[in-house]
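Undergrad: I have a structure here, written as structure tokens, and I will follow up with some questions on it.
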Amino acid sequence: MVRYYYQDDPLPQSHSAIIRWFGFDRFVPEWAVTSYWMPSKALLCIRIITCLYSTIVIWASIGTSAMQGNFQHYFAHFTEMTYIGLHAYLVTVLYHHVRYLMHQHEPRSFFNQPSVLNYMFYYLYHTICVYNIITPIVYWAALSPQVTHASGTNPSAAQSGGYQPPIDWWINTSMHGVSFVLMATEVLFSRMRMTLRMVVIILINIILYMLLTFIIFASTGWWVYSFLDWSQGAICAAWYLGIGAAFVVVFGVMYLIHMLRDWIAKKLAQQ
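With the working numbering, letter number 270 in the sequence shown gets 304, and the count goes up by one each step, no holes.
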């Protein structure tokens, strides 16, 4: 295995006890723009492709939603918010990666920007690692047109036999399948790491999103997702608890995957 060398200069330690407790200032910028397995330039080429694809998908999704008259609900869906977060990460890391190579493999763009942007970037990475697993699982298990058609819970899907126009099928597959591949590419090929205490903020985000769905229902009478409807009784409470637990479990699994990746890279480097 070819061994690559890094400076791995950390961010300055924060004066805030909260920032230090969550581990925001443990972020090492060079993690984001280097790989254990390939030169940084090769990783950049992969990121150009993934960023271009995510750009095409997100604008196709926005355009299709607008043409179908559904754009007023666009930012209410967790799927779209998750994909926007993924796209934001891919665009941001691509920018920093280009700057890194332009400045003789020094991550100046990270160190020259306000610390809060680095903290946000580091947290954004944690969200893409978790949300882009939960979203495909929930969609294909409970929300896809094929599932709702088979169960009879979606009248429009039943009338169309579960058929989707090709553009809708491609967008749904991209946002609920390819999104996982884009996330996994980042996890496997970059050197980013996760901080365990970030799971607390992940859960806070999910609680805030659930509160947002209550506000949307109170103002429009429309539940973003049918399984969030409190009129279903105990089954709805089970959904809330189950989804919350799933986020914690997935976070733990992804944390272990990062540790395993680093361990394998270390062992191979010693050979």
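C-beta: ideal position from N, C-alpha, C; glycine also.
1. List, from N- to C-terminal side, the alpha helix (DSSP H) runs of 4 residues or more that fit wholly inside the segment 48-131.
2. Secondary structure at D296, three-state DSSP: helix, strand or coil?
3. If you follow the alpha helix (DSSP H) that D202 is in, where does it begin and where does it stop?
4. Tell me the DSSP secondary structure of E220 in three-state form.
5. Which whole-angstrom value describes the C-beta separation of S95 and M209, a residue pair presumed to lie in contact below a C-beta threshold of 8 Å?
6. Going by DSSP in three states, T161 sits in which element: helix, strand or coil?
7. Is the Cβ-Cβ distance between I168 and V284 less than 8 Å?
8. Quick check: the segment 139-150 against the segment 58-68, are there 3 or more CB pairs under 8 Å?
9. Does M226 come out as helix, strand or coil in the three-state DSSP assignment?
10. So, Y156 versus F58, is the Cβ gap smaller than 8 Å?
11. Nearest-angstrom Cα distance between M288 and V164?
12. Could you give the distance in angstroms between the alpha-carbon of V127 and the alpha-carbon of I201?
13. How many whole angstroms separate the CB atoms of F109 and M101, which I take to be in contact at a CB cut-off of 8 Å?
14. Do you know whose CA, among A268, V125 and P199, lies nearest L158's CA?
15. Sort Y173, P199 and I236 by Cα distance to G211 and report the nearest one.
16. Quick one: what's got a C-beta closer than 7 Å to R225's C-beta in the same chain, skipping five residues either side?
17. Out of curiosity, what's the CA-to-CA distance linking W203 and Y87?
18. Do you know how far the Cα of T161 is from the Cα of L246?
19. Can you tell me whether DSSP reads L258 as helix, strand or coil?
20. Skipping 5 residues on each side, what residues in its chain have a beta carbon closer than 6 Å to that of H311?
21. Smallest Cα separation from T207: which of L275, G119, N166 and A122?
22. Quick one: Cα of I52 to Cα of P199, how far?
23. Would you kindly report the start and end of the unbroken alpha helix (DSSP H) that includes R142?
TA: Let me lay it out:
1. Segments of the alpha helix (DSSP H) lying fully in the segment 48-131: 51-56, 64-67 and 74-101.
2. By one-based count along the sequence shown, residue 296 stands at place 262. Three-state DSSP puts D296 in a helix.
3. Within the sequence shown, numbered from 1, the residue matching residue 202 stands at position 168. Counting along the chain, the alpha helix (DSSP H) containing D202 begins and ends at P200 to T207.
4. Translated into positions along the sequence shown, residue 220 becomes position 186. If DSSP states are grouped into helix, strand and coil, E220 belongs with the helices.
5. Taking the first residue of the sequence shown as position 1, residue 95 is located at position 61. Taking the first residue of the sequence shown as position 1, residue 209 is located at position 175. With a beta-carbon spacing of about 7 Å, S95 and M209 fall inside the 8 Å limit used to define contacts.
6. Here residue 161 is taken as the residue at index 127 of the sequence shown, counted from 1. Three-state result, T161: helix.
7. Working through the sequence shown from its first residue, we reach residue 168 at position 134. Working through the sequence shown from its first residue, we reach residue 284 at position 250. A Cβ-Cβ contact shorter than 8 Å links I168 with V284.
8. Because the criterion of three Cβ pairs below 8 Å is met, the segment 139-150 and the segment 58-68 touch.
9. Translated into the one-based positions of the sequence shown, residue 226 becomes position 192. Coil, per DSSP.
10. Position 122 of the sequence shown, counted from the start, is the residue given in the question as residue 156. Position 24 of the sequence shown, counted from the start, is the residue given in the question as residue 58. Yes; because the gap between Cβ atoms is below 8 Å, this pair is in contact.
11. Sequence index remark: in the sequence shown, residue 288 carries index 254 (1-based). Sequence index remark: in the sequence shown, residue 164 carries index 130 (1-based). So the two alpha carbons sit approximately 7 Å from each other.
12. Within the sequence shown, the letter at position 93 stands for residue 127. Within the sequence shown, the letter at position 167 stands for residue 201. Answer to the nearest angstrom: the Cα atoms are 28 Å apart.
13. Here residue 109 refers to the residue found at position 75 when the sequence shown is read from its first residue. Here residue 101 refers to the residue found at position 67 when the sequence shown is read from its first residue. Their Cβ separation, rounded to whole angstroms, is 17 Å, which puts F109 and M101 out of contact at 8 Å.
14. Against the sequence shown, residue 158 aligns to sequence position 124. Comparing alpha carbon positions, the residue from A268, V125 and P199 closest to L158 is V125.
15. Along the sequence shown, read from residue 1 onward, the residue named residue 211 stands at position 177. Checking every option, the nearest Cα to that of G211 belongs to Y173.
16. By 1-based counting over the sequence shown, the position of residue 225 is 191. Closer than 7 Å at the Cβ level, and outside the excluded window around R225, lie W65, T68, S69 and Y70.
17. Within the sequence shown, numbered from 1, the residue matching residue 203 stands at position 169. Within the sequence shown, numbered from 1, the residue matching residue 87 stands at position 53. Looking at the two C-alpha atoms, the distance is approximately 16 Å.
18. Translated into the one-based positions of the sequence shown, residue 246 becomes position 212. Translated into the one-based positions of the sequence shown, residue 161 becomes position 127. Annotation: L246 to T161 spans about 18 Å, alpha carbon to alpha carbon.
19. Reading the sequence shown from its first residue, position 224 is the one you call residue 258. First, the amino acid is wrong: residue 258 is Val here, not Leu. Coil, per DSSP.
20. Residue 311 falls outside the range modelled here, since the chain spans only 35 to 305, and no answer is possible.
21. On the sequence shown, position 173 is the one that residue 207 refers to. Taking the Cα of T207 as reference, the smallest distance to any Cα among L275, G119, N166 and A122 is reached at N166.
22. Start at 1 with the first residue of the sequence shown, and residue 52 comes out as number 18. Start at 1 with the first residue of the sequence shown, and residue 199 comes out as number 165. Going by the C-alpha atoms only, they are around 48 Å apart.
23. Residue numbering aside, residue 142 sits at position 108 when the sequence shown is read from its first letter. Where R142 is concerned, the enclosing alpha helix (DSSP H) stretches over R142 to F145.
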